[in-house]
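Worksheet: one structure, shown below.
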Amino acid sequence: MIEDIKTLPLYINGHFINTKKTFKNISPVTGQVLCEVSEAGMDEVDQAVRSARHAVDHAWGKYHPSQRADLLDEIADGIEKRFEEFVQAEVADTGRPIYLARTLDVPRGIANFRTFASILRAGVSESVDSLIGDGSRLLNYTVRKPLGVVAVISPWNLPLLLLTWKIAPALAAGNALVCKPSEETPSSAALLAQVIEQTSLPKGAFNLLHGFGNHSAGAFLTQHPDIDAVSFTGESKTGSHIMAAVAGGVKEVSFELGGKNAAVVFEDADFDQAVAGIVKSAFYNSGQVCMCTERVYVHRTIFDRFVQALKQQTEALIVDLPDTENVDLGPLVSYKHRDKVTSYFELARQEGATVITGGGIPVFGDDRDKAAFVQPTIWTGLPDHARCVTEEVFGPVCHIAPFDTEEEVLVRVNDSKYGLACSIWTENVSRVHRLTPQIHTGIVWVNTWYSRDLRTPFGGTRLSGLGREGGQYSIDSYSEITNVCIKYS
Ligand code: NAD
414 MIEDIKTLPL YINGHFINTK KTFKNISPVT GQVLCEVSEA GMDEVDQAVR SARHAVDHAW
474 GKYHPSQRAD LLDEIADGIE KRFEEFVQAE VADTGRPIYL ARTLDVPRGI ANFRTFASIL
534 RAGVSESVDS LIGDGSRLLN YTVRKPLGVV AVISPWNLPL LLLTWKIAPA LAAGNALVCK
594 PSEETPSSAA LLAQVIEQTS LPKGAFNLLH GFGNHSAGAF LTQHPDIDAV SFTGESKTGS
654 HIMAAVAGGV KEVSFELGGK NAAVVFEDAD FDQAVAGIVK SAFYNSGQVC MCTERVYVHR
714 TIFDRFVQAL KQQTEALIVD LPDTENVDLG PLVSYKHRDK VTSYFELARQ EGATVITGGG
774 IPVFGDDRDK AAFVQPTIWT GLPDHARCVT EEVFGPVCHI APFDTEEEVL VRVNDSKYGL
834 ACSIWTENVS RVHRLTPQIH TGIVWVNTWY SRDLRTPFGG TRLSGLGREG GQYSIDSYSE
894 ITNVCIKYS
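Mapped onto the working numbering, the consecutive letters of the sequence shown carry residue numbers 414 to 902.
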């Protein structure tokens, strides 16, 4: 919880504003209220959009890229100075293990700003010189301008990481932002507003609203006529609502959406590395990462041994409170989300799954029973069309199935309405090159999972998203690109 703050304010045009209407931020560890949160209504959304418009037209949008780079570094410095406060805010809101906040969330929040600062400093210049029929020449070059006012809407699973993954490049490209983090996890965004307020970023270039989605701040923002683009991470069905909301104005959208990611373990894989990799990819952050593996296909010749090894390692995972030493899984983000995950536990039984391990709520016999825990869970025996094998659960669960041939498993991997990520575990390089172009996902990992260089493209196909973010791909997606063509002789 943020020290000394009982109600988290909005941040509009450089001012912290408390609203009459508030909602409660509930701890998934204790069930207690962490703080009240100011809720933006239509008026606040309108004020935020107007202040962003002014900033992009008259201030921030006119800054030179090198000045923007300096500002991004200032924000990174500010987060670094308050590192531990950000860690505590992430842990309080999400219940995640404290080591994760220290090694992933907060360092990545800082790295997001640093990465786009260095990309701005490196600069890109593209020019094409051509000869035309009359003997004269054409010099073409591209100019990047901000899109304008960008609405940034983010989910609860990696609150600071995902919010700053959008804020940093969108600011880098000169846009002014109106951000709405998830109602489940407002605290690190509130701290970020405090950090930004201390920098020299012009007023209005960053605005923060809190509130819900439908019929609330999220929807009011995406329906506002004066936004130029929406950058959204969250569920696929929310993405489609947002797309409908902006269709009339033909606004730019960038979507990072849901997944039902597969992993394929071939008979020639490094067995131990593959088992450890699948355990990590299924249960990291209690399965609440969009790239987590929920479908595992293992070659039949090693299937039984693999299931046993996976079961053994899964049962050795430590499920406990966020600050417990060596903890692997904390509680889920909320009691509501636990209800969703446990409804799949029930559905798996109805669909005929064999539960290899887990499948319920752990019982500690003490105060820990108040937290939103579930057991890491492995199923097998379900047909490929079962809902538990096709729908995103977004919890610590995976289904494991045998396969016989490369051709067969390729069809099964691609047989999904999603297309975010896939991991392949094999020592056969030819197979890797043969398979990867045929897998319909935006990311394919080979003998690893969730390894990221922030300069590389990230995004999904099908219901998993629209557009690519990362490095120059992000800058391009947050920029209006104009081609200038000069005739000369
Ligand atoms: P969600 O779609 O319920 O909510 C995300 C955000 O959208 C929240 O801030 C919410 O208030 C807002 N929102 C909801 N309805 C809205 C509407 N009609 N208009 C405008 N805003 C609205 O998602 P969630 O439950 O917070 O997050 C989990 C989902 O996010 C999972 O599906 C996960 O796979 C996905 N995700 C994807 C990626 C990726 O990079 N592809 C990363 C993280 C999470």
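Note that the Cβ used here is the ideal one computed from N, Cα and C, for glycine as well. In this text the structure is predicted, and so the values were computed from the model without any measurement.
Under the three-state reduction of DSSP output, residue 878 falls in the strand class. Per DSSP, the beta-bridge partners of residue 429 are 424. If you draw a straight line from the Cα of residue 472 to the Cα of residue 618, it is about 8 Å long. With respect to residue 582, residue 882 sits close: the two C-beta atoms are nearer than 8 Å. The DSSP-derived three-state label of residue 834 is strand. DSSP places residue 815 in no alpha helix (DSSP H) but in the uninterrupted beta strand (DSSP E) bounded by 810–816. Nearest to residue 811 by C-alpha distance, out of 575, 558, 675 and 455, is 675. For residue 627, the distance from the CB to the nearest heavy atom of the ligand NAD is below 7 Å.
Note that the C-beta distance between residue 492 and residue 565 is not below 8 Å. No heavy atom of the ligand NAD is found nearer than 7 Å to the CB of residue 735. Taking a C-beta distance under 8 Å as the contact criterion, residue 671 and residue 877 qualify as a contact pair. For residue 731, the closest C-alpha among the options 846, 603 and 697 is that of 697. For the region 623–651, the full-length alpha helix (DSSP H) segments reaching 4 residues or more read 630–635 along the chain. Residue ranges of uninterrupted alpha helix (DSSP H) with 4 or more members, entirely inside the region 437–472 and ordered along the chain, are 455–471.
The C-alpha of residue 827 is placed about 47 Å away from the C-alpha of residue 432. Ranked by how close their Cα comes to the Cα of residue 709, the residues 871, 588, 654 and 835 have 835 in first place. Residue 447 places its beta carbon 8 Å or farther from that of residue 623. Each residue's CA atom was taken as its position, placing residue 737 and residue 779 some 15 Å apart.
Scanning its chain for C-beta atoms nearer than 8 Å, with the 5 sequence neighbours on each side dropped, one finds around residue 611 the residues 491, in chain order. In the three-state scheme derived from DSSP, where H, G and I count as helix and E and B as strand, residue 592 is classed as strand. For residue 679 against residue 838, the beta-carbon gap comes to about 6 Å, under 8 Å, which counts as contact. The beta carbon of residue 790 lies closer than 6 Å to those of 771, 772 and 810 in the same chain, with the five residues before and after it left out. In this structure, residue 457 has its CB at a distance of at least 7 Å from all heavy atoms of the ligand NAD.
Between residue 722 and residue 706, the beta carbon gap of about 15 Å keeps them out of contact (Cβ cut-off 8 Å).
Counting C-beta pairs with one atom in each stretch, the region 573–589 and the region 514–533 have three or more that are closer than 8 Å, which means they touch. A residue is called buried when at least 16 other Cβ atoms come within 10 angstroms of its Cβ; residue 777 does not meet this threshold and is exposed. The C-alpha of residue 831 is placed about 14 Å away from the C-alpha of residue 880.
DSSP, read as helix, strand or coil, puts residue 597 in coil.
By the Cβ test, the region 786–805 is in contact with the region 761–768, since at least three Cβ pairs between them sit closer than 8 Å.
Sixteen is the threshold: when 16 or more other Cβ atoms of the shown chains lie within 10 Å of the Cβ of residue 701, as they do, the residue is buried. Of the candidates 744, 526 and 563, the residue whose Cα lies closest to the Cα of residue 666 is 563.
In the three-state reduction of the DSSP assignment, residue 761 falls in the helix class, which pools H, G and I. Counting C-beta atoms within 10 angstroms of its own C-beta, residue 806 has 16 or more neighbours from the protein chains shown and is therefore classed as buried.
The three-state reading of DSSP puts residue 703 in coil, since its state is none of H, G, I, E or B.
For residue 528, the closest C-alpha among the options 871, 781, 866 and 897 is that of 866.
Here residue 532 carries a helix assignment [DSSP, helix/strand/coil].
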